[in-house]
Each structure stands twice: as structure tokens, then as C-alpha cells.
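To start, the structure under review is shown below, and the notes come after it.
Residue numbers (my numbering): 315 to 577.
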């Protein structure tokens, strides 16, 4: 069996060193990148498109959950969380088939986690990994009904209900949107909002003049594209603002070509 291309992420050098040492003893693992924070993890995942990520949850800046929100669903690897969280808080993730290891990491526990990953890959399980994680995160808050404000498409605001807060997002401020099953991750000004909605449903509410699909489960606001970077096999990367990097698949490259001829 081919090795699992793996990224390890932890802001603590000692924890990162220990995790690396444990994983190097497992034949099925090939470490392709080591990251000290969430921003590095996002960039490494975009560059390497790994099979597996060992991801610390508690990190300054972008934490482990923030990394999940920022990654496009189509390149989302299998994730094993490494964390000091209490067991009760992680039961939801286990139910949703997301594995985790409590710190300090134990070699035997790591081996079991890798065995679960290998078993899933051998079953050719196409389950949406991001959907599982977002669902688990959403289970910590009371679900509420969300509705769009009934305005013209270019004026309509997207309603986000998170616990007791209600946020109204202007369409013009939305940079890109990523689908995760029955959820969407809406990226605005460096913040990611999770909304219970399918991409198809939300797409019907958006202004089609500025929002275009560039991947199977990704939509971008054309007004936020700052750079187009050619990639392999006819694909592209889009730089949206200073940090966000979104992949454009071959099936949607004509959308970007048309956009470039018009600007």
C-alpha cells in the first residue's frame, strides 16, 4: 500500500517533535510537511493535498477548527486531532468518525488512529470529511432555523445564527464560500461563518453576476480576486486578499478565463 502523505501541526515545538518521532516509526506514514500554526497548515494542505493531517486544536491565531473551516472541501484530508481537551467534549467528534489523541501523545494510540485511517481509505469511503467535522462542531450549539432576508438578489443579506448572535452578511462583503454537505462556510474579512444550508440553496440567493463556482463545492466573489496563479493540469489558484488561496479545477477554468478577458 502507498504511504499516507501526512502533515503534522502543533504550535508547541516539543509536542511537534514528539509527534514526528512517533509517526516516523509507522511504515504507512510519510510526513510531507510540519507546521507551527494554522496559517502554515492551510498553506501546506493547499500545496501538498495530503491524505492525512494530525492537527492540534488549541493554537494562537487560527486554531484547529479554523483550519478546517478554511480548507476547501475537495482537498480536505482525513484529520486526527491532537488535543488536551477533556474527553466529554470530544465524544461528538468520535461519533462523527473524527479521530483524536489526547496529549501527551501515546505511540499505541497513534498507531490505532493510523489503522482507522488506512481502513477507511481501503474501503474507498468518499464520506465528506469536512462535513463530519462541521456537523460535530455544530452539535455543540442549539440548532436554529435560518432564513434569507427577502430582498433583491444584489441587496439580500445572508443570515448567520450562532448561539445567541445573529449576523447579517452583505453579499458584497462575502469573499468565497465552501460547501461541506449540509453546511456552507462563508468567508468574510478573515472570519469564517458556518451556516446550515446546501451550496445549491445558497447559490440561488446570490448575485450570479459576481459569484461564480470555481470548484465542485467552491464559489468565489470575482471582485475579491487579486491574483491568478497557474497550476498543474490546467488548474489555477486564486489569491483572494492577502491570505486566502482557492483552487480552481479544470472543469471550471473557463470561468476564470472569461473573467480575465473582461477585466
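Note that beta-carbon positions come from the ideal geometry of N, C-alpha and C, so glycine has one too. Since the model is a prediction, treat every value here as computed from it, not as a measurement.
- Cβ contact annotation for residue 537 (same chain, cutoff 6 Å, sequence separation greater than five): 524, in chain order.
- When secondary structure is reduced to three states using DSSP, residue 561 falls in the strand class.
- Leaving aside the five residues that flank residue 345 on each side, the residues in its chain whose CB is nearer than 8 Å to its CB run, in chain order, 320, 321, 322, 334, 337 and 338.
- For the pair residue 318 and residue 576, the Cα-to-Cα distance works out to about 42 Å.
- Taking C-beta separations shorter than 7 Å and ignoring five residues to either side along the sequence, the partners of residue 387 in its chain run 442, 444, 492, 493, 494 and 531, following chain order.
- Between the beta-carbon of residue 393 and that of residue 416 there is about 15 Å, and that puts the pair past the 8 Å contact cut.
- Residue 566 and residue 529 have their alpha carbons spaced roughly 6 Å apart.
- The count of Cβ pairs closer than 8 Å, one atom from the region 499-512 and one from the region 484-491, reaches three, so the stretches are in contact.
- Of the candidates 343, 376 and 432, the residue whose Cα lies closest to the Cα of residue 324 is 376.
- Note that the C-beta distance between residue 328 and residue 348 is not below 8 Å.
- The three-state reading of DSSP puts residue 567 in helix, counting H, G and I together.
- Here residue 430 has 413 as same chain residues with Cβ atoms under 7 Å from its own Cβ, once five neighbours each way along the sequence are excluded.
- CA-CA distance, residue 556 to residue 362, rounds to 20 Å.
- Per DSSP, residue 379 is one residue of the alpha helix (DSSP H) stretching across 378-384.
- A Cβ-Cβ distance of about 7 Å is found for the pair residue 574 and residue 542, placing them in contact under the 8 Å criterion.
- Here residue 399 carries a coil assignment [DSSP, helix/strand/coil].
- The three-state reading of DSSP puts residue 512 in coil, since its state is none of H, G, I, E or B.
- For residue 529, the secondary structure class from DSSP, reduced to helix, strand or coil, is strand.
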